[in-house]
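422 is the number that the numbering used here gives the last residue of the sequence shown; the numbers go up by one with no jumps. Read through the structure below, which is laid out as structure tokens, and then see the notes.
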Amino acid sequence: MIRFSNTDRRRLARCCHALSDETRLRILERLSAGERCVCELTAALGAGQSRLSFHLKTLRDTGLVRDRRDGRWMYYAIDPEAVAEVGELLGRVGARPHQLPVLA
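Below, the structure written as structure tokens:
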């Protein structure tokens, strides 16, 4: 039986919600090639600035994406540590019982 801590359960639920939207997945596809400016993402995805900002905020709030400002431009990139953490949590779902870590 899989057992997640309350923190891990909440984290995984938030990330699954963030990943359940096609636009957010398209953003992650673009960011997988490296850091991108919002203007590049807007042009590449054909999405309006406000719509894109909403989706980027969702991804940023989960920690999957980080941002930085350079003058008037905002740049976004995938946070590889956060993605690895979520991957580890998801990996527990398919693990055999003897492979799961023991939680106190």
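Just so it is clear, CB atoms sit at the ideal spot from N, CA and C, and this is done for glycine as well.
Under 8 Å between C-beta atoms of residue i and residue j
i, j, result
"residue 369", "residue 394", "no"
"residue 374", "residue 397", "no"
"residue 330", "residue 401", "no"
Nearest residue (CA-CA) to residue i, options the options
i, options, result
"residue 334", "377, 397 and 388", "377"
"residue 341", "391, 403, 401 and 367", "367"
"residue 328", "399, 351, 380 and 338", "380"
In DSSP terms, what residue i is bridged to
i, result
"residue 396", "383"
"residue 388", "391"
"residue 355", "393"
Contact with chain B by residue i, beta-carbon distance below 8 Å
i, result
"residue 371", "You won't find chain B in this structure, because it holds only one protein chain."
Touching or not, the segment 393-413 and the segment 323-338, by the rule of three or more beta carbon pairs under 8 Å? yes
The segment 382-392 touching the segment 359-369, judged by at least three CB pairs closer than 8 Å: no
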